[in-house]
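Take a look at the structure below.
Numbering (our numbering), first residue to last: 457 to 673.
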C-alpha cells in the first residue's frame with residue numbers, strides 16, 4: 457500500500473540530502489518518480505543539498521495542483537511510482553491534501569521533506585497539514601547543533617547578523633557559517649534556550665570578547 461511519508465528536522469539536519477538519497481534508492485530499483493521543490497536556495501527548479509548535491513526538479517508555486525499534474529501525466533501514458541517533495545513546509549494546505557489524495561486514490565508513494573516551524577517558532581501551513589495527514593512522520597536522526605553544542609531545535613533568522621522575530625514568514629536565505637561575514641538575510645539553528653534569549657553565535661562571540669567590567673564603580 458502506498459503511503460504519505462513526512463520527514464522533518466531543523467535546517468542543516470540533512471533533509472534535502474535524504475530526499476536525493478531516497479530518489480536514488482528508488483530509481484536504482486527501477487521505479488520512476490518525480491521530484492518537486494520550491495524556493496530552493498540554489499534557484500528555481502533545483503533540489504540542492506548543502507553537501508553540494510543537486511538534481512533537477514519541478515518548481516511548485518502557490519497555484520500548482522499535484523493531483524492534476526499526476527492524473528494528466530498518467531493519462532498521457534507516463535509512469536509515476538513515487539513523488540519526492542522537498543521544502544514541503546512552503547506548500548499550501550490544499551496542496552498537501554492533493555498529495556494525500558494521490559496516495560489514497562492512485563496508490564503512489566509520496567515522500568515529503570520539510571521544516572516544522574518558522575523563525576517565530578510557529579508551524580508552517582504545509583508542515584502542520586502533513587503532521588495531520590501523514591501515514592508516517594519521521595524526525596531526522598542527524599542532529600543539527602546550536603553554537604553551544606546542544607541539539608538545535610529552533611530556526612532563527614538574522615538580518616545583517618542580528619536575530620529577528622518579526623517579518624515576512626517566507627524569505628529565502630541559507631544557514632550562516634560561523635566566522636564568515638553575515639549575509640543580509642540568513643538563518644541559524646539554535647537550541648531553545650538561546651533562541652529564546654536571541655543569542656546567536658555572532659552575538660555570543662561578541663559578548664565573550666567584550667572587556668570585563670571593572671570591580672569598582
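Yeah, the Cβ is synthetic: ideal placement off N, Cα and C, and Gly gets one too.
Buried versus exposed, by CB contacts within 10 Å (16 or more), residue 658: Position 202 of the chain shown, counted from the first residue, corresponds to residue 658. Answer is buried; the Cβ neighbour count reaches 16.
Using DSSP with H/G/I as helix, E/B as strand and the rest coil, what is residue 613? As a working note, residue 613 is residue 157 in the chain shown. Three-state DSSP puts residue 613 in a strand.
Does DSSP classify residue 587 as helix, strand or coil? Within the chain shown, residue 587 is the residue found at index 131, counting from 1. DSSP places residue 587 in helix when its eight states are reduced to three.
Pairs of beta-carbons, one from the segment 533 to 548 and one from the segment 481 to 489, closer than 8 Å: are there three or more? yes
Only counting runs of 4 or more residues, tell me where the alpha helix (DSSP H) segments fall wholly within the segment 488 to 551, in order along the chain. DSSP runs (the alpha helix (DSSP H)) wholly in the segment 488 to 551: 522 to 531.
Taking the alpha helix (DSSP H) that residue 484 belongs to, which residues open and close that run? Residue numbering aside, residue 484 sits at position 28 when the chain shown is read from its first letter. Residues 471 to 484.
Close beta carbons around residue 571, own chain, < 8 Å, minus the five adjacent residues each side: As a working mapping, residue 571 is identified with position 115 in the chain shown. The answer, listed in chain order, is 464, 465, 466, 467, 471, 545, 580, 583 and 611.
Exposed unless 16 or more other CB atoms sit within 10 angstroms - verdict on residue 518: Here residue 518 is taken as the residue at index 62 of the chain shown, counted from 1. Exposed.
Report buried or exposed for residue 524, applying the criterion of at least 16 other Cβ atoms within 10 angstroms of its Cβ. Taking the first residue of the chain shown as 1, we reach residue 524 at position 68. Flag for residue 524 reads exposed.
Using the DSSP secondary-structure output, state which residues sit across from residue 607 in a beta bridge. By 1-based counting over the chain shown, the position of residue 607 is 151. Residue 607 is bridged to 601.
Let me make sure I understand the geometry here. Which of 530, 619, 661 and 624 has the alpha-carbon closest to that of residue 653? Reading the chain shown from its first residue, position 197 is the one you call residue 653. Considering only alpha carbons, the answer is 619.
Assuming residue 642 and residue 609 make a contact with CB atoms under 8 Å, what is their CB distance in whole Å? Here residue 642 corresponds to residue number 186 of the chain shown, with the count starting at 1. Here residue 609 corresponds to residue number 153 of the chain shown, with the count starting at 1. Rounded, the Cβ-Cβ distance is 18 Å, inconsistent with contact.
State the Cα-Cα distance for the pair residue 663 and residue 477, rounded to the nearest angstrom. By one-based count along the chain shown, residue 663 stands at place 207. By one-based count along the chain shown, residue 477 stands at place 21. Cα to Cα, residue 663 sits roughly 41 Å from residue 477.
Burial state of residue 552, where buried means 16 or more other Cβ atoms lie within 10 Å: If you number the chain shown from 1, residue 552 lands on position 96. The residue in question, residue 552, is buried, as its Cβ has 16 or more Cβ neighbours within 10 Å.
For residue 632 and residue 533, I'd like the C-alpha separation in whole angstroms. Here the question's residue 632 lines up with position 176 in the chain shown. Here the question's residue 533 lines up with position 77 in the chain shown. Because residue 632 sits at a pLDDT of 49, beneath the cut-off of 50, its placement in the model cannot be relied upon, and the following sentence gives the value as read from the coordinates. Going by the C-alpha atoms only, they are around 45 Å apart.
Leaving out the 5 sequence neighbours to the left and right, which residues in its chain are closer than 8 Å to residue 592 when beta-carbon positions are compared? To locate residue 592, count along the chain shown from 1; it is residue 136. Leaving aside the five residues that flank residue 592 on each side, the residues in its chain whose CB is nearer than 8 Å to its CB run, in chain order, 459, 460, 461 and 462.
Counting along the chain, where does the beta strand (DSSP E) carrying residue 592 start and finish? Taking the chain shown and counting its residues from 1, one reaches residue 592 at position 136. Start and end: 592 to 595.
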